[in-house]
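K.L.:
Residue numbering for the sequence shown follows the numbering used here, beginning at 3 and increasing consecutively.
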Amino acid sequence: MSNSSVKIGVLALQGAIEEHVQATKLALKSLGIEGEVLWIKKPEHLEGIQGLIIPGGESTVMGRLMETSGLLEAIKKFAKEGRPILGTCSGMVLLAREVYDRVVGKTGQPTLKLMDITVERNAFGRQGESFERDLEIPLLGEKKFKGVFIRAPIIQSMGGNVKPLCHINGKIVAAQQNNILATSFHPELAEDTRLHEFFLKKATEK
Ligand code: GLN
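#1: Buried or exposed: which applies to PRO189, given that a residue is buried once 16 or more other Cβ atoms fall within 10 Å of its Cβ?
#2: If we require 4 or more residues per run, which alpha helix (DSSP H) segments fall completely within the segment 11-79?
#3: Do you know how far the Cα of ARG104 is from the Cα of ILE55?
#4: Near ASN5, what residues of its chain come up, given a Cβ to Cβ distance below 6 Å and the 5 sequence neighbours on each side ignored?
#5: Is DSSP giving PHE200 helix, strand or coil here?
#6: Do SER61 and the ligand GLN come close, with the Cβ less than 7 Å from some heavy atom?
#7: Short check: CB of GLN158 to CB of GLU122, under 8 Å?
#8: Apart from the five residues just before and just after GLU21, which ones in its own chain have a Cβ nearer than 8 Å to its Cβ?
#9: What residue does the beta strand (DSSP E) around VAL175 start on, and which one ends it?
#10: Rounded to whole angstroms, how far is the Cβ of ILE42 from the Cβ of ALA205, which I believe are closer than 8 Å?
#11: The ligand GLN and PRO155: does any heavy atom of the ligand fall closer than 7 Å to the residue's C-beta?
#12: Under 8 Å between the Cβ atoms of THR26 and HIS198?
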């Protein structure tokens, strides 16, 4: 596949969309790949897209909009074709097979169920609503990665096919299952494009 045709989509129903667009553009530049980053609002926008980012925001709102727009089914199909997806924060919640809230328990919200993980929403409680932490992510090299956590979820349990990529205080905050990647934190706010670069390499490898 020629590099000039790379098209990456950012789900653009709600949330931190433009931050991901900018981070992805910087990552493309740093890898020397020509490409476009497009807003995905309807199922037909996924045509020709090689990788999809599901941003942070409000997972209940985003999930409902995904259902009514037909994107819930379209994104499932997208993933089953082996195309990569990166979900950050709310995006992680939306990828999960099962979700519960730290306070209210099972949420019953619509999710893609593309990752064999159980996610706890708002897992850091009020004290930890928003914080930054230098993270060790061996996949990205030795240099620490700035983790920006905003009402972040954690992976509470997972199936054998899921590979944990990063922990804080014994909690899993990033993981990968084949073509699906999820982080509790916001890599688009890290001023460090290594995670987006890793994702782009997956999206462009053939
Ligand atoms: N707490 C939000 C949710 O569960 C996620 C917050 C975020 O994406 N920054 O959807």
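Idealized CB from N, CA, C, for every residue including glycine.
P.N.:
In brief:
#1: Translated into positions along the sequence shown, residue 189 becomes position 187. It is buried - the Cβ of PRO189 has at least 16 other Cβ atoms within 10 Å.
#2: Taking only runs of at least 4 residues, the alpha helix (DSSP H) segments lying wholly in the segment 11-79 are 19-33, 61-71.
#3: The residue given as residue 55 occupies position 53 in the sequence shown. The residue given as residue 104 occupies position 102 in the sequence shown. It is roughly 25 Å from the alpha-carbon of ILE55 to the alpha-carbon of ARG104.
#4: Looking up residue 5 in the sequence shown gives position 3. Note that ASN5 has pLDDT 45, beneath the 50 cutoff, so the model's placement of it is unreliable and no number is given.
#5: Against the sequence shown, residue 200 aligns to sequence position 198. DSSP places PHE200 in helix when its eight states are reduced to three.
#6: Position 59 of the sequence shown holds residue 61. Using a cutoff of 7 Å, the CB of SER61 counts as near the ligand GLN, since one of the ligand's heavy atoms is closer than that.
#7: Sequence index remark: in the sequence shown, residue 158 carries index 156 (1-based). Sequence index remark: in the sequence shown, residue 122 carries index 120 (1-based). The answer is yes: Cβ separation under 8 Å.
#8: Within the sequence shown, the letter at position 19 stands for residue 21. Result list for GLU21: PRO57, HIS188, GLU190, LEU191, in chain order.
#9: Here residue 175 is taken as the residue at index 173 of the sequence shown, counted from 1. VAL175 -> beta strand (DSSP E) spans 173-179.
#10: The residue you call residue 42 lines up with position 40 of the sequence shown. The residue you call residue 205 lines up with position 203 of the sequence shown. At roughly 14 Å, the Cβ-Cβ gap does not stay under 8 Å, so ILE42 and ALA205 are not in contact.
#11: Counting from 1 along the sequence shown, the entry for residue 155 is found at position 153. At a threshold of 7 Å, PRO155 counts as near the ligand GLN, since its beta carbon sits closer than that to one of the ligand's heavy atoms.
#12: Here residue 26 is taken as the residue at index 24 of the sequence shown, counted from 1. Here residue 198 is taken as the residue at index 196 of the sequence shown, counted from 1. Here THR26 is near HIS198, since their CB atoms are less than 8 Å apart.
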